[in-house]
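Student: To start, I am sharing the structure in question, which I have written as structure tokens.
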DNA sequence: TCCTTTAAACTGACTGGTCAGTACAAATAG
DNA sequence: CTATTTGTACTGACCAGTCAGTTTAAAGGA
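Chains as they are written, first to last, in UniProt numbering: chain H, 1 to 197; chain L, 1 to 197.
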């Protein structure tokens with residue numbers, strides 16, 4: 001994993017297209033997006049989209065991968081810490097990322113559970129990338145005996161991920177006046193049911 | 001308010017259209033649905049859709065209202081009980097409903113947080129219908145001193161609703177082999193952070 | 001019981017517009 | 001000199017919505 005490659009002309013263009021797509025996707029949804037609009041929003045010719053991605057679907061697929069890699073980078077634990085803190089760091093990482101890319105959260109949530117939708121295969125894999133990071137940390141809590149009986153690690157991890165996702169969206173959409181600290185507290189209140197004692 | 005009127009021809013047709021739409025919406029999403037397909041799935045001519053609803057949008061809007069009224073009916077508390085049990089009944093009601101209408105859960109989740117999407121206005125109201133029922137019960141728990149400090153009732157209610165929604169979807173999509181009892185337990189494990197002591 | 005009337009309900013071919021994807025010649029950047 | 005981008009124009013498929021005509025069934029004679 002070396003540093004980010006010096007941006008070539010195409011990687012700048014791809015980035016512009018990702019940003020434009022995220023800007024548009026929140027309002028109209030994936031199916032409502034047109035390639036013409038994406039290109040216009042990015043300040044790029046339509047042909048450039050096809051030169052870089054080959055199809056609308058490929059652009060979306062790349063966008064999913066791009067977003068998830070950013071999210072994974074944000075929540076991957078930097079150093080080993082106390083299990084309780086580790087889970088809190090997970091929550092903080094999610095809140096930071098979703099605060100920065102709210103459209104991506106909407107995109108995820110609106111496509112994640114569609115079966116057997118076009119993106120289900122891809123999203124299953126990407127979801128696994130994220131939940132496995134959660135699972136690692138929750139497993140540490142389990143080893144420390146912090147989990148109540150009858151709660152298995154995979155379920156708890158997936159549930160935690162989903163919970164943070166929807167609570168954050170609810171915050172952004174229905175209570176934008178609330179501060180991140182307040183939201184952090186409500187999520188952690190829920191989490192305390194999981195990581196107790 | 002006399003007894004339920006014998007179903008007219010149109011109410012049967014409308015029901016068929018609701019069912020067909022729910023059957024199709026899980027795979028392609030709202031924007032991917034065509035009126036031709038809905039009509040075909042319902043065994044009805046395209047014109048009938050327009051005779052009964054006037055537009056595709058009106059059909060979807062009616063479907064949202066229909067689904068939420070069913071959900072509300074399912075989770076509305078029958079009789080006053082212990083606050084802890086009341087919250088568990090809320091969770092059980094959600095699980096029953098979402099188990100019966102999985103597509104509706106997908107529909108809700110994929111449109112609920114879209115801003116300023118076409119359905120945002122309607123969905124805000126309908127979300128309020130549901131969360132207010134949650135809020136009532138959670139408020140009882142708060143009165144009984146069961147909520148930890150720093151957790152306010154509206155946030156906790158909305159969070160609980162969202163959490164049950166995504167955990168259920170995750171169950172249906174990624175772990176269909178799990179039993180409802182198991183899922184119930186994982187949700188309640190999370191809830192125990194809220195309703196403790 | 002059988003015919004007639006009426007309005008509601010339904011039908012499906014058709015229209016007008018939209019959009020993904022293509023083609024390509026000319027411009028520009030590295 | 002090569003990779004990339006632009007702009008414009010085009011095609012073919014698809015789809016929401018329309019509408020003139022048809023069917024259904026309930027009510028009312030006779």
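Every residue gets a Cβ at the ideal spot worked out from N, C-alpha and C, and that includes glycine.
#1: Give me the subset of the segment 48–78 of chain L whose CB atoms are less than 9 Å from a CB atom of chain H, sorted by chain position.
#2: Going along chain L, which residues have a C-beta under 9 Å from residue 89 of chain H?
#3: Can you tell me whether residue 138 of chain L is buried or exposed? The criterion is at least 16 other CB atoms within 10 Å of its CB, across all chains shown.
#4: For residue 151 of chain H, report the span of its alpha helix (DSSP H) as first-last.
#5: What's the call for residue 149 of chain L, buried or exposed, on a 16-neighbour Cβ count within 10 Å?
#6: Using a cut-off of 7 Å between C-beta atoms, extract the partners of residue 106 of chain H located in chain L.
#7: Check the C-beta distance from residue 76 of chain L over to residue 126 of chain L and give it rounded, since I have them as a contact under 8 Å.
#8: Using the Cβ count rule (16 or more neighbours within 10 Å means buried), how would you classify residue 166 of chain L?
#9: Answer with yes or no whether the minimum CB distance from residue 190 of chain L to chain H is below 7 Å.
#10: Check distances from the C-beta atoms of the segment 143–163 of chain L to those of chain H and list, in chain order, the residues that come in under 9 Å.
#11: Which same chain residues end up closer than 7 Å to residue 99 of chain L when comparing Cβ atoms and leaving out the 5 residues on each side of it in sequence?
#12: In terms of alpha-carbon separation, which member of L:170, L:183, L:14, L:140 lies closest to residue 105 of chain L?
#13: State yes or no: is the C-beta of residue 41 of chain L within less than 7 Å of the C-beta of residue 62 of chain L?
#14: Would you identify the three-state DSSP class for residue 128 of chain H, choosing helix, strand or coil?
#15: Just the C-alpha distance for residue 50 of chain H and residue 39 of chain H, rounded to the nearest angstrom, thanks.
#16: Out of L:81, L:71, L:24, point me to the one whose CA is closest to residue 161 of chain L's CA.
#17: State the Cα-Cα distance for the pair residue 54 of chain L and residue 131 of chain H, rounded to the nearest angstrom.
#18: Does the beta-carbon distance from residue 25 of chain L to residue 56 of chain L come in below 7 Å?
#19: Count the other CB atoms within 10 Å of the CB of residue 11 of chain L; is the residue buried (16 or more) or exposed (fewer)?
#20: Whole angstroms is fine: what's the gap from residue 147 of chain H's alpha carbon to residue 141 of chain H's?
#21: Within a Cβ cutoff of 8 Å, which residues of the same chain sit near residue 95 of chain L, ignoring the five residues on either side of it in sequence?
#22: DSSP on residue 175 of chain L, reduced to helix/strand/coil?
#23: Excluding the five sequence neighbours on either side, which residues of its own chain have a C-beta within less than 8 Å of the C-beta of residue 109 of chain L, listed in chain order?
#24: Residue 159 of chain H to residue 91 of chain L, Cα distance in whole Å?
#25: Can you find a CB in chain H that lies within less than 7 Å of the CB of residue 185 of chain L?
#26: So what does DSSP say about residue 144 of chain H, is it helix, strand or coil?
#27: Could you tell me if residue 155 of chain H is buried or exposed, where buried requires 16 or more neighbouring beta carbons within 10 angstroms of its beta carbon?
#28: With a threshold of 7 Å between beta-carbons, can residue 29 of chain H be considered close to chain L, or not?
#29: Mapping the DSSP letters down to three states, classify residue 137 of chain L as helix, strand or coil.
#30: Would you tell me roughly how many angstroms separate the C-alpha atoms of residue 120 of chain L and residue 177 of chain H, rounded to the nearest one?
Tutor: With the structure as the only source:
#1: none
#2: None at all; the shortest Cβ gap to chain L is about 18 Å.
#3: Residue environment for residue 138 of chain L: buried (at least 16 other C-beta atoms within 10 angstroms of its C-beta).
#4: Premise fails: residue 151 of chain H is in no alpha helix (DSSP H) and is neither H nor E.
#5: exposed
#6: 113, 114
#7: Incorrect: roughly 15 Å between the Cβ atoms, too far for contact.
#8: buried
#9: True, the Cβ-Cβ gap to chain H drops below 7 Å.
#10: 147, 148, 150, 151, 152, 154, 155, 156, 158, 159, 160, 161, 162, 163
#11: The beta carbon of residue 99 of chain L is closer than 7 Å to those of 180 in its chain, skipping five residues each way along the sequence.
#12: When only C-alpha atoms are compared, the closest one is L:170.
#13: no
#14: helix
#15: Taking the straight line from one Cα to the other gives about 10 Å.
#16: The shortest Cα separation from residue 161 of chain L among L:81, L:71, L:24 belongs to L:71.
#17: 44 Å
#18: no
#19: exposed
#20: Residue 147 of chain H and residue 141 of chain H: Cα-Cα distance of roughly 7 Å.
#21: 164, 168, 180, 183, 184, 187
#22: coil
#23: 165, 166, 169
#24: 14 Å
#25: yes
#26: coil
#27: buried
#28: yes
#29: The DSSP-derived three-state label of residue 137 of chain L is helix.
#30: 18 Å
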